[in-house]
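**Q**
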Amino acid sequence: MPLSPTNKDHNHEYARTIESNKVEIFAPLHWLSLGAKDFIAAPLISLVYGLIFSLIPVAIMYLYSETDNHLINISMTITFTLIAPVFAAALYDVSWELEKGHKPSFSHSIKSMFRNPVGAWAFAVIILLIMTAWLRVASLVFALYPDSLNPTFEELLAFLSLGTILGALILAAVMVLSAFTPQILLERKVDIMTAIFTSTRAVINNFYAMLVWGLILIIFVFLGFLTSAVGFIVIMPVLAFASWHAYIAVIRTKKKRIYE
Numbered sequence: 008m009p010l011s012p013t014n015k016d017h018n019h020e021y022a023r024t025i026e027s028n029k030v031e032i033f034a035p036l037h038w039l040s041l042g043a044k045d046f047i048a049a050p051l052i053s054l055v056y057g058l059i060f061s062l063i064p065v066a067i068m069y070l071y072s073e074t075d076n077h078l079i080n081i082s083m084t085i086t087f088t089l090i091a092p093v094f095a096a097a098l099y100d101v102s103w104e105l106e107k108g109h110k111p112s113f114s115h116s117i118k119s120m121f122r123n124p125v126g127a128w129a130f131a132v133i134i135l136l137i138m139t140a141w142l143r144v145a146s147l148v149f150a151l152y153p154d155s156l157n158p159t160f161e162e163l164l165a166f167l168s169l170g171t172i173l174g175a176l177i178l179a180a181v182m183v184l185s186a187f188t189p190q191i192l193l194e195r196k197v198d199i200m201t202a203i204f205t206s207t208r209a210v211i212n213n214f215y216a217m218l219v220w221g222l223i224l225i226i227f228v229f230l231g232f233l234t235s236a237v238g239f240i241v242i243m244p245v246l247a248f249a250s251w252h253a254y255i256a257v258i259r260t261k262k263k264r265i266y267e
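Structure representation (structure tokens):
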């Protein structure tokens, strides 16, 4: 799969931008296949982390059933999409170890979450703030839901339009920020702004490919919920592994990386 450099390191007032590659529009499908390959190469550790990840949507579905409000499913799905990248560092480490020809281990993957604690926690706080803001916005949008038991489409139009637009904007912003930021913070000793600037520029330079990648993520998240969260046991590790291969393909390094 041909790759080409698109931008050199740029210096900003607060951070620099690491050079990135231009990838093909359907490169995300290749990342997904490599993620599945990593899952097969390390099935036990993948399933254990997948089980841990599945507990998050189970909690979301429990809240959904307790509130008896089908509208909360929209905000909870987006919330899950927001927080998942923060907890994926351990799975990134599994793919990284496989890339280096090492055997992944639980101890090594757990330690990886503390490799760049300042940057990781800063990113977690940023995502948490965005998640909190989204939940507040969602609650305000839900206030527009018609009071009638059988609302017409016209009555639902304001609610559906505003909710869709705001949800899409917040989700897009988070995907831009989190596309490569966690991977950069895991592998490199850089500050949070450098990671965010690099992720943002790389996404912009690969707009159509990242659009395809974003659609893949959303589709798989919904598939996970459709399986009552059981599917996340496999889905989350595969997506995390694929995200690492996306990082290898897009963010350039001085030495040659293994990218099949």
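Everything in the sequence shown is counted per our numbering, starting at 8 for the first residue and increasing by one. Cβ coordinates follow ideal geometry from the N, Cα and C atoms, glycine included. These numbers come from a predicted model, not from an experiment.
(1) Assign Asn285 to one of three DSSP states: helix, strand, or coil.
(2) Would you mind giving the Cβ-Cβ distance between Leu193 and Arg122, rounded to the nearest angstrom? I have them listed as a contact below 8 Å.
(3) Going straight from the alpha carbon of Val197 to that of Gly231, what length do you get?
(4) What's the gap between the Cα of Phe1 and the Cα of Ile203?
(5) With C-beta atoms as the reference, is Gly108 less than 9 Å away from Pro244?
(6) On the DSSP bridge assignment, give the partners of Ile258 in chain order.
(7) Just verifying my parser: in three-state terms, what is the DSSP assignment at Ile61?
(8) Excluding the 5 residues flanking Leu173 on each side, which residues of the same chain have their C-beta closer than 7 Å to its C-beta?
(9) Is it a yes or a no for the stretch 247-255 touching the stretch 99-106, going by three-plus beta-carbon pairs under 8 Å?
(10) So the alpha helix (DSSP H) Pro189 belongs to, where does it begin and stop?
(11) Compare the beta carbon distance of Ser102 and Ala209 with 9 Å and say whether it is the shorter of the two.
(12) Does the Cβ of Ala150 have 16 or more other Cβ atoms within 10 Å, making it buried, or fewer, making it exposed?
(13) Return helix, strand or coil for Leu207, following the three-state DSSP convention.
(14) Counting pairs of Cβ atoms below 8 Å between the stretch 124-140 and the stretch 181-188, do you hit three or more?
(15) Could you have a look at Thr139 and say whether DSSP puts it in helix, strand or coil?
(16) How would you call Ile240, buried or exposed, if buried means at least 16 neighbouring beta carbons within 10 angstroms?
(17) Please determine, among Lys263, Val237, Arg264 and Ile242, the residue with the shortest C-alpha to C-alpha distance to Ala66.
(18) When DSSP labels each residue in this structure, what does Ser146 get in the three-state scheme?
(19) Report yes or no: do the stretch 211-220 and the stretch 29-40 share at least 3 C-beta pairs separated by less than 8 Å?
(20) With DSSP run on the structure shown, which of helix, strand or coil describes Gly108?
(21) How about Ile47 and Pro111: are their beta carbons less than 9 Å apart?
(22) Taking the alpha helix (DSSP H) that Ser119 belongs to, which residues open and close that run?
(23) When you compare the CB positions of Pro153 and Leu142, do they come within less than 9 Å of one another, or not?
(24) The alpha helix (DSSP H) spanning Leu39 covers which residue range?
**A** Checking against the coordinates, here is how it stands:
(1) Residue 285 cannot be examined here, being either before or after the span of the chain that is shown, 8 to 267.
(2) The residue given as residue 193 occupies position 186 in the sequence shown. The residue given as residue 122 occupies position 115 in the sequence shown. 6 Å between Cβ atoms; contact.
(3) Locating residue 197 in the sequence shown gives position 190, where the first residue counts as 1. Locating residue 231 in the sequence shown gives position 224, where the first residue counts as 1. Rounded to whole angstroms, Val197 and Gly231 show a C-alpha spacing of 33 Å.
(4) Not covered by the structure: residue 1. The range shown for the chain is 8 to 267.
(5) Here residue 108 refers to the residue found at position 101 when the sequence shown is read from its first residue. Here residue 244 refers to the residue found at position 237 when the sequence shown is read from its first residue. No, these two residues do not count as a Cβ contact at 9 Å.
(6) Reading the sequence shown from its first residue, position 251 is the one you call residue 258. DSSP lists Ser27 as the beta-bridge partner residues of Ile258.
(7) Position 54 of the sequence shown, counting from 1, holds the residue named residue 61. The residue you asked about is not Ile; residue 61 is Ser in the sequence shown. Looking at Ser61 - three-state DSSP - the assignment turns out to be helix.
(8) Position 166 of the sequence shown, counted from the start, is the residue given in the question as residue 173. Closer than 7 Å at the Cβ level, and outside the excluded window around Leu173, lie Val144 and Val148.
(9) Judged by pairs of C-beta atoms under 8 Å, the stretch 247-255 touches the stretch 99-106, as three or more such pairs exist.
(10) To locate residue 189, count along the sequence shown from 1; it is residue 182. Pro189 -> alpha helix (DSSP H) spans Thr188 to Glu194.
(11) For the purposes of this step, residue 102 is identified with residue 95 of the sequence shown, where counting begins at 1. For the purposes of this step, residue 209 is identified with residue 202 of the sequence shown, where counting begins at 1. No. Outside cutoff.
(12) Locating residue 150 in the sequence shown gives position 143, where the first residue counts as 1. With fewer than 16 Cβ atoms within 10 Å of its Cβ, Ala150 is classed as exposed.
(13) Along the sequence shown, read from residue 1 onward, the residue named residue 207 stands at position 200. First, the amino acid is wrong: residue 207 is Thr here, not Leu. Three-state DSSP puts Thr207 in a helix.
(14) Counting Cβ pairs under 8 Å, three or more are found: they touch.
(15) Within the sequence shown, residue 139 is the residue found at index 132, counting from 1. DSSP places Thr139 in helix when its eight states are reduced to three.
(16) In the sequence shown, counting from the first residue as 1, residue 240 sits at position 233. Burial call: buried.
(17) What you label residue 66 is simply residue 59 of the sequence shown in a count that begins at 1. If we check each option's Cα against that of Ala66, Val237 comes out closest.
(18) The count along the sequence shown starts at 1 and reaches residue 146 at position 139. Here Ser146 sits in helix by DSSP.
(19) Touching, yes, given that three or more Cβ pairs across the two stretches are closer than 8 Å.
(20) The residue you call residue 108 lines up with position 101 of the sequence shown. Gly108 carries a coil assignment under DSSP once its states are collapsed to helix, strand and coil.
(21) Walking along the sequence shown from the start, residue 47 turns up at place 40. Walking along the sequence shown from the start, residue 111 turns up at place 104. Taking 9 Å as the cut-off, the beta carbon of Ile47 is found no closer than this to the beta carbon of Pro111.
(22) Taking the first residue of the sequence shown as 1, we reach residue 119 at position 112. Note, Ser119: alpha helix (DSSP H), Phe113 to Ser119.
(23) On the sequence shown, residue 153 is found 146 positions in, with the first residue counted as 1. On the sequence shown, residue 142 is found 135 positions in, with the first residue counted as 1. Cβ distance not < 9 Å, so Pro153 and Leu142 don't count as in contact.
(24) For this step, residue 39 is matched to residue 32 along the sequence shown. For Leu39, the enclosing alpha helix (DSSP H) stretches over residues Ala34 to Ala48.
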